[in-house]
Amino acid sequence: MQMAILVMIGLGAGLSSGLFGIGGGVVIVPALVYLLDFPLHRAVGTSLAVLLLPIGAAAVYTHYRAGHIAWTAAMVLAATLFFGAWLGAMVANQLNENWLRGFFGVFLIILGGYMLFFGKSA
């Protein structure tokens, strides 16, 4: 079950990355926290591990030393993020700018509303 959820998170983050240029902090971290009950530190560390080479080598190293990375989850997310980003980019290139802007706005409103009204408290 956890593997299926990781695949869905990776695809979702890939799609949002390809469509909107976002993924890690906006999709992967909340999904790991809310869907897989990861502690926030572990979710952040795992998300950074997915983005290791291009973005966060120093941050990943720090989280690694603190024990905040789930490597199997990071590898599954990286593989599915690649495919989802490709698919999302293909879809985004078929949408005109107004539709893409509208989808992005709705996505942010839904995400923000969820965080405000249903997000976990510390």
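Here this note's numbering is used: the first residue of the sequence shown is 1, the next is one more, and so on. We treat Cβ as the ideally placed atom computed from N, Cα and C, and that holds for glycine.
What separation, rounded to the nearest whole angstrom, lies between the Cα atoms of ILE5 and LEU36? 8 Å
Closer than 8 Å by C-beta to LEU15: which residues in its own chain qualify, once you throw out the five before and the five after it? Chain order, please. GLY84, ALA85, LEU87, GLY88, VAL91
GLN2: which of GLY23, LEU32, LEU108, PHE104 sits nearest, CA to CA? LEU32
For LEU95, which of ALA13, ILE9, VAL29, PHE20 has the nearest alpha-carbon? PHE20
Same chain, Cβ closer than 7 Å to ILE28, five either side skipped, listed in chain order: ILE9, ALA13, SER47, VAL50, LEU77
With respect to the alpha helix (DSSP H) encompassing PRO177, which residues constitute its N-terminal and C-terminal limits? No answer is possible for residue 177: the residues shown for the chain start at 1 and end at 122.
According to DSSP, simplified to helix, strand and coil, what is HIS41? helix
Could you give the distance in angstroms between the alpha-carbon of GLY23 and the alpha-carbon of THR62? 21 Å
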